[in-house]
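Q: Residue 17 in the working numbering sits at position 15 of the sequence shown, and the numbers go up by one each step. All C-beta atoms, glycine included, are put in the ideal place defined by N, C-alpha and C. What follows is a structure written as structure tokens; I'll ask about it next.
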Amino acid sequence: MESAIPPHLQVKRTRHRRVPDDYQPPYPAFVARHRPAVERVVMAYFGLQYRGDPPAACAAALDWIAKTFAAAGGPKHWDRARYVDEAGYTNLLFVAYWDDQKIFDTWFPPAREGWTGAKSNFAGLGTFIEVLSPSVNDYETLFSSLGRPEGIAVLADSLSGDVMEHAYWGGMRDRIPKSQINDMAPDGAPSILRDGDRVRVKPHDNICLIRSGQDWSDTEASERKMYLDDVEPVLRAGMDFLRDEGRSVNCFANRYMMVLDRTGRPTEKSYGMSWWKSLAALERWSESHPTHVRIFGAAMKYLSSLGPAAKLRLYHEVTVARTADQLFEYRNCHDRTGMLNAVTA
Ligand code: HEM
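As structure tokens, this is what we get:
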């Protein structure tokens with residue numbers, strides 16, 4: 003059993019873990035391990051949106067993404083996913099990851115200009131960029147099984163052995179290295195800056211992002227039926243709640259994404275991604291909303307009894323970001339897109 007916090011990020015605690023030192027979780031789980039030289043990572047969500055049939059510019063935009071991401075300094079890993087939002091717009095998200103901020107900083111300015119800048123030329127499309135560039139102290143990951151990293155973990159050198167800080171409410175906080183010495187409370191309120199067609203959201207300190215993924219592609223027979231008939235509808239209800247009523251629990255925006263393959267076809271993977279006022283708000287929802295409490299309890303039971311034989315794969319990555327490590331920019335998007343919601347609500 004190892005700590006989710008790697009030795010080089012462990013410091014003298016001023017805040018305690020929720021569990022005693024001899025706590026034993028009932029099933030295994032794993033976290034991403036970067037080599038110690040990695041100090042900061044970048045998670046960049048490039049989005050586009052349209053209503054109804056895809057406009058002609060959509061193909062050009064997809065081409066642009068493929069070319070720009072493949073250029074020198076582009077992401078080491080990216081994936082794509084789709085969802086229809088609360089205003090009825092189809093949104094495509096291209097999520098790109100770096101583990102070297104200097105490389106990102108060189109690559110980003112022309113990419114930003116091309117996607118949301120004055121020269122961006124995708125008629126009929128809204129485009130947006132949401133970026134966090136957290137220090138390795140400011141985020142955590144969790145995987146229910148080995149062998150198929152997703153998201154930022156694809157860039158990690160390995161997944162850990164079985165970690166201690168999981169399978170209890172508060173495990174997420176305890177896995178974030180900064181929690182050893184800081185409560186990561188939010189400070190300030192988001193505001194809007196308009197620059198022609200481009201709208202920027204100037205957010206507050208310690209905003210929280212979760213990407214929580216599900217992969218049922220390996221499941222068979224009864225496990226597949228259990229996921230699709232019993233778990234997924236409850237998950238969807240939880241995601242709909244956050245999308246439509248999230249503001250009541252300090253969730254600014256929620257997207258229940260279907261992952262697409264390289265040719266744009268749906269896969270048997272999904273993820274929920276949401277922007278929260280704070281880590282505490284995300285904790286409150288996950289431990290109290292009937293939908294998540296139900297799937298959490300069912301998954302705990304199921305993972306405890308099946309152990310490594312479980313074929314359903316679950317993972318998440320959660321970041322608490324400083325103001326300086328955030329960028330939100332929207333061009334020709336409707337006013338409930340992403341973090342615009344935080345300001346227009
Ligand atoms: C099929 C879908 C899901 C299942 C079965 C599920 C189940 C679970 C389980 C078993 C844990 C505990 C993991 C551990 O510590 O070992 C967990 C934690 C958590 N889940 Fe989910 N979950 C799902 C989707 C989601 C989604 C979409 C979100 C939010 C967007 C979410 C938010 C959280 C949070 C915030 C925690 C951490 C709670 C804490 O440690 O305090 N989950 N979930």
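(1) Quick one: which unbroken beta strand (DSSP E) runs of 3-plus residues sit fully inside the segment 126-179? Chain order, please.
(2) Could you give the C-beta distance for R53 and Y91, rounded to a whole number, given that I count them as a contact under 8 Å?
(3) Start and end of the alpha helix (DSSP H) containing Q379?
(4) Is the closest heavy atom of ligand 1 to the C-beta of G340 under 7 Å?
(5) Would you be able to state if there are at least three C-beta pairs under 8 Å between the segment 12-22 and the segment 166-174?
(6) If I'm right that H40 touches D101 with Cβ under 8 Å, what's the distance once you round it to whole angstroms?
(7) Run the CB neighbour count on R264, radius 10 Å, all protein chains shown included, and call it buried at 16 or more, exposed below.
(8) Just to confirm the assignment, what range does the beta strand (DSSP E) spanning F254 have?
(9) Which runs of the beta strand (DSSP E), 3 residues or longer, sit entirely within the segment 263-314?
(10) Under the three-state reduction of DSSP, which class applies to N184: helix, strand or coil?
(11) What's the gap between the Cα of L64 and the Cα of V44?
(12) Does the Cβ-Cβ distance between Y85 and M259 come in under 8 Å?
(13) Whole angstroms is fine: what's the gap from T221's alpha carbon to L230's?
(14) Strictly by DSSP, which residues pair up with G4?
(15) Out of A255, V322, K204, L305, which one is the CA nearest neighbour of L314?
(16) If you check the beta carbons only, do I194 and V320 fall under 8 Å apart?
(17) Counting pairs of beta carbons, one from the segment 60-74 and one from the segment 154-165, are three or more of them closer than 8 Å?
(18) Give me, in chain order, the residues of the same chain whose beta-carbon lies closer than 7 Å to that of V345; leave out the 5 immediate sequence neighbours on both sides.
(19) Taking all protein chains shown into account, do 16 or more other C-beta atoms lie within 10 angstroms of the C-beta of A347, making it buried, or fewer, making it exposed?
(20) Is the shortest distance between the beta-carbon of A39 and the beta-carbons of chain C less than 8 Å?
(21) Can you find the residues in the same chain that come closer than 6 Å, C-beta to C-beta, to P188, ignoring five residues on each side of it along the sequence?
(22) Counting Cβ pairs closer than 8 Å, one from the segment 232-243 and one from the segment 333-340, do we hit at least three?
(23) Beta carbon of S276: closer than 7 Å to some heavy atom of ligand 1?
(24) Taking 7 Å as the cut-off, is the C-beta of I105 nearer than that to any heavy atom in ligand 1?
(25) According to DSSP, S214 sits in a beta bridge with which residue or residues?
(26) Whole angstroms is fine: what's the gap from S351's alpha carbon to F48's?
(27) Restricting to Cα atoms, I'd like to know which of G119, A83, P28, W218 is closest to G299.
(28) Out of N343, L342, N334, state which residue places its alpha-carbon closest to the alpha-carbon of G128.
A: A quick look at the data gives this:
(1) 128-134, 141-145
(2) Indexing the sequence shown from 1 puts residue 53 at position 51. Indexing the sequence shown from 1 puts residue 91 at position 89. Between Y91 and R53 the Cβ distance is about 5 Å, and since that is below 8 Å, they are a contact.
(3) Outside the displayed range of the chain (3 to 347) lies residue 379, so it cannot be described from this structure.
(4) Position 338 of the sequence shown, counting from 1, holds the residue named residue 340. No, ligand 1 has no heavy atom inside 7 Å of this Cβ.
(5) yes
(6) As a working note, residue 40 is residue 38 in the sequence shown. As a working note, residue 101 is residue 99 in the sequence shown. Reading off the sequence shown, one finds Val at residue 40, where the question assumed His. 5 Å between Cβ atoms; contact.
(7) The residue given as residue 264 occupies position 262 in the sequence shown. Answer is exposed; the Cβ neighbour count stays below 16.
(8) Residue mapping note: residue 254 aligns to position 252 of the sequence shown, counting from 1. It spans 253-262 - the beta strand (DSSP E) in which F254 sits, taken as one unbroken run.
(9) 268-278
(10) Here the question's residue 184 lines up with position 182 in the sequence shown. Coil.
(11) Translated into the one-based positions of the sequence shown, residue 64 becomes position 62. Translated into the one-based positions of the sequence shown, residue 44 becomes position 42. Looking at the two C-alpha atoms, the distance is approximately 21 Å.
(12) Stepping through the sequence shown from its first residue, residue 85 is reached at position 83. Stepping through the sequence shown from its first residue, residue 259 is reached at position 257. For Y85 and M259, yes; Cβs fall inside 8 Å.
(13) Locating residue 221 in the sequence shown gives position 219, where the first residue counts as 1. Locating residue 230 in the sequence shown gives position 228, where the first residue counts as 1. Between T221 and L230, the C-alpha separation is close to 10 Å.
(14) The sequence position of residue 4 within the sequence shown is 2, counting from 1. This sequence places Glu at residue 4; Gly is not what is there. In DSSP, E4 forms a bridge with V165.
(15) Along the sequence shown, one-based indexing puts residue 314 at 312. Nearest C-alpha to L314: L305.
(16) On the sequence shown, residue 194 is found 192 positions in, with the first residue counted as 1. On the sequence shown, residue 320 is found 318 positions in, with the first residue counted as 1. No. Outside cutoff.
(17) no
(18) Position 343 of the sequence shown, counting from 1, holds the residue named residue 345. Here the set comprises P192, S193, I194, V203.
(19) Stepping through the sequence shown from its first residue, residue 347 is reached at position 345. Caution applies to A347, whose pLDDT of 49 falls short of 50 and renders its modelled position unreliable; the model cannot decide the point.
(20) Within the model displayed, chain C is absent; a lone protein chain is all it includes.
(21) Translated into positions along the sequence shown, residue 188 becomes position 186. The answer, listed in chain order, is H206, N208, K279, S280.
(22) no
(23) Translated into the one-based positions of the sequence shown, residue 276 becomes position 274. Within the cutoff, so yes.
(24) Here residue 105 refers to the residue found at position 103 of the sequence shown. For ligand 1, not one heavy atom lies less than 7 Å from the Cβ of I105.
(25) Position 212 of the sequence shown holds residue 214. Answer by DSSP bridge pairing, in chain order: G274, H318.
(26) In this structure the chain extends from 3 to 347, so residue 351 is not present and cannot be described.
(27) Numbered from 1 along the sequence shown, position 297 holds the residue referred to as residue 299. G299 has its Cα closest to that of P28, out of G119, A83, P28, W218.
(28) Position 126 of the sequence shown holds residue 128. Cα-wise, what sits closest to G128 is N334.
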